[in-house]
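Residue numbers (the working numbering), protein chains in the order written: chain A, 51 to 262; chain B, 1213 to 1682.
All C-beta atoms, glycine included, are put in the ideal place defined by N, C-alpha and C.
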Amino acid sequence: MRKFEQCKGLVVPLDRANVDTDAIIPKQFLKSIKRSGFGQYLFDEWRYLDRGEPGMEASQRKINPDFVLNQPRYQGAEILIARDNFGCGSSREHAPWALQDYGLQVIIAPSFADIFFNNCFKIGLLPIVLDSNVVNKLIDEVVTTSGYRLFVDLAAQTVTTPGNEIYSFDIDPFRKYCLINGLDEIGLTLQHADKIKQFEERRRREQPWLFA
Amino acid sequence: MKTLYDKLWESHVVHAESDKPDSMVILYIDRHLVHEVTSPQAFEGLRLAGRKPWRVNSILAVADHNVPTTDRSSGIKDPTSRLQVETLDQNCEELGITEFRMNDQRQGIVHVIGPEQGATLPGMTVVCGDSHTSTHGAFACLAFGIGTSEVEHVLATQCLLAKKSKSMQILIEGKLGCGVTAKDIALAIVGEVGTAGGTGYAIEFAGSTIRALSMEGRMTLCNMAIEAGARAGMVAVDETTIEYLKGRPFAPKGVMWEQAVSYWRTLRSDEGAVFDRVVRLDAAQIKPQVTWGTSPEMVASIEGKVPDPALITDPVKRHDTENALKYMGLSPNTPIREIFLDKIFIGSCTNSRIEDLREAAVILKGKRIAPNIKLALVVPGSGLVKSQAEQEGIDRIFREAGFEWREPGCSMCLAMNDDRLMPGERCASTSNRNFEGRQGPGGRTHLVSPAMAAAAAVAGHFVDVRTMNE
Ligand code: SF4
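The following block contains the structure:
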């Protein structure tokens, strides 16, 4: 997993609630058996005017100039800020893969869908929940200030604005530890392999039908 | 006093980081269902790390998302779809995983075949790289969708790292009106609590209305728990559950069956158990539901109208409603009954079981689809559902009404195969998501029950199924 410590990144606002994972990465791209290369198809139906198919070259496509990610001022954004219930719908991890592959490192929203939220931590993409009033304010600032950057410090659990306002966020301590150290969760769980075996043996005795 | 969710959770905790209620735990997984779309990268990760699956016979695999629903004798035409299905076949063969291949009669949508085979049993933890894994909770198991990294984690360790959710009870009492089904309850709930209302919760559906539902109906309801934001939905064990499981291929037999059943009967919330949130609904008030927008919470009853954004005060909500109406090509205040359709889709893990097909067939018997309907598709949830329906003569009713009778799979629920809407086409669909582009780029989806989809096919526009047979 990719390590995450700090990010001082350009912010792009996506002013919508309930952005679903079908919108983040449409299904035709899920046919890939690889883990990389999804960034060019991020938000495909909003970002381009032609219909995207796997393998298409981004440089050959008709871009939608109205879509926020295509505006010159947001090129190179590393932080995305959106509305409630970001990442709802399908469990596809291709959605966090696409966001990360595009170059984003942090997603800020007032709330996230559970599976998406969980998936982000597995790859080192940091989802941050901030109060909806704060999100409103930040979106206003982003829109009215060119080159708007936020500073995210995971160790301190803070988001700092260019005007030096500091907002704290919560994160599960175990998830924070894994992110800061870029740890492989499978390896961590396997440190408890003996416990898993004991549990399994007891289960096999008590509920043998589960192992038939 | 424990909730069903407490019981399921506690019986699977292998290790907890601390004794705080929200501590991260290692949770044991009994059943791992696998499909072709979310597994290739997990198998590859496993291989690259030199790891092997922890318990191969906990896994059941099937290809469902990419498979064609027309003639399969010449294989899959689309090379990328074919590669994905072949990759699953290879991974399963190499590792000795049980897989129902495309031409196996037991093949079907992963959430249909698990219960159908008795591979989903009460008291289990069930996971799959698919958000609609919540379906299996109908059998009083803890079932939820996971991402690909977690698929790899379960393959390697038979466990997941997880945190306990809060608990919500949705209590529904009373008798459903004639023509009102589990799908209408599901849509009404999503309309009531919102698509994020269940976020952070595991939902237990309870009450006399739920007790009266068949297993198919309970599966439809739990299937859509995720559309209310909850990763897991569940229903307690009762005679209906036990009756359904008896004799299924993977279900226990003989003495073990007796032993299992006596344990299963404990799988319900204790009298007086406390939930973090309780939502009550009166079954008699629920009318047939139709979604009008691009999120399942954008729903109205068949007697209702498309909303008017001008009357919405919350600016974010107004903006979302305007966007949705624009995408859906609908004007404010249009009566739902006056929405005309181009295509009809009966299928998906929400509504493709035998009972769903029977429900639609009752409406269609002796009738024809309206001339404005360009295509009406029925895609049974599994090969076994298909053959059961054929034995009952249901396929003939559909065919004579002008429907196409297809091979099992996800099909136009998400349009990863050739079944899809063209831009601007409008579809009455028994699936679970009406997101932009879900059934094809620019396609417009209205979610309904099988009975409502059948009624709309005959009329050419939405109609109140309760008045159909008068
Ligand atoms: S039928 Fe639809 S919702 Fe169900 S598993 Fe297939 S694609 Fe997902």
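- Taking 8 Å as the cut-off, the Cβ atoms of V1322/B and D1276/B count as close.
- Along the region 1223-1246 of chain B, going in chain order, the ones with a CB nearer than 7 Å to a CB of chain A are V1226, H1227, E1229, M1236, I1238, Y1240 and D1242.
- Residue-level contact by beta carbon fails for P1521/B and chain A, as no gap is shorter than 8 Å.
- Leaving aside the five residues that flank G1409/B on each side, the residues in its chain whose CB is nearer than 7 Å to its CB run, in chain order, A1440 and G1441.
- The C-beta of I216/A has fewer than 16 other C-beta atoms within 10 Å across all chains shown, which makes the residue exposed.
- Under the criterion of beta carbons closer than 8 Å, V1274/B and I1325/B qualify as touching, at roughly 6 Å.
- For F1557/B, the enclosing beta strand (DSSP E) has its first and last residue at K1555 to I1558.
- If the five residues before and after M1427/B are omitted, its C-beta is found closer than 8 Å to the C-beta atoms of P1327, A1350, F1351, T1452, T1453 and Y1456, all from its own chain and listed in chain order.
- When DSSP reads this structure, M1236/B sits in a beta bridge with K1375/B.
- Counting only Cβ-Cβ distances below 9 Å, R1645/B has contacts in chain A at D70, D72, G139 and S140, in chain order.
- With contacts defined as CB atoms closer than 8 Å, L1216/B and R1580/B fail to qualify as a contacting pair.
- Bounds of the alpha helix (DSSP H) holding G1595/B are G1595 to E1604.
- Residue ranges of uninterrupted beta strand (DSSP E) with 3 or more members, entirely inside the region 1220-1295 of chain B and ordered along the chain, are 1225-1228, 1236-1240, 1243-1246 and 1271-1274.
- Selection V118/A, R111/A and I83/A evaluated against T1292/B yields I83/A as nearest (Cα-Cα).
- Counting C-beta atoms within 10 angstroms of its own C-beta, F261/A has fewer than 16 neighbours from the protein chains shown and is therefore classed as exposed.
- In the three-state scheme derived from DSSP, where H, G and I count as helix and E and B as strand, A1437/B is classed as coil.
- Excluding its 5 nearest sequence neighbours in each direction, A1671/B has C-beta neighbours in its own chain below 8 Å: A1582, listed in chain order.
- With a cutoff of 7 Å, I1321/B counts as near ligand 1, since its C-beta is closer than that to a heavy atom of the ligand.
- Our two residues, G1459/B and R97/A, have alpha carbons roughly 52 Å apart in a direct line.
- A Cβ-Cβ contact shorter than 8 Å links S1623/B with L1589/B.
- Distances taken from the Cβ of L1626/B to the heavy atoms of ligand 1 include one shorter than 7 Å.
- Residue pairing by DSSP places K58/A opposite F201/A in a beta bridge.
- Using beta-carbon distances, R52/A does not count as an interface residue toward chain B, since no partner is under 8 Å.
- The three-state secondary structure of W1476/B, taken from DSSP, is helix.
- With a threshold of 7 Å, the Cβ atom of H1531/B does not count as near ligand 1, since no heavy atom of the ligand is closer than that.
- Identification of chain A residues near H1365/B by a Cβ-Cβ cut-off of 9 Å yields K172, E235, I236 and T239, ordered along the chain.
- Not flagged as an interface residue toward chain B: Q110/A, since no C-beta distance is shorter than 8 Å.
- Boundaries of the alpha helix (DSSP H) harbouring C228/A: P223 to N231, taken from the DSSP string.
- Between G1429/B and T1407/B, the C-beta gap is not smaller than 8 Å, which leaves the two residues out of contact.
- Taking 9 Å as the cut-off between beta carbons, the residues of the region 1457-1469 of chain B near chain A are F1462, A1463, P1464, K1465, M1468 and W1469, in sequence order.
- Contact between the region 51-67 of chain A and the region 1523-1537 of chain B is present: 3 or more CB-CB pairs across the two stretches fall below 8 Å.
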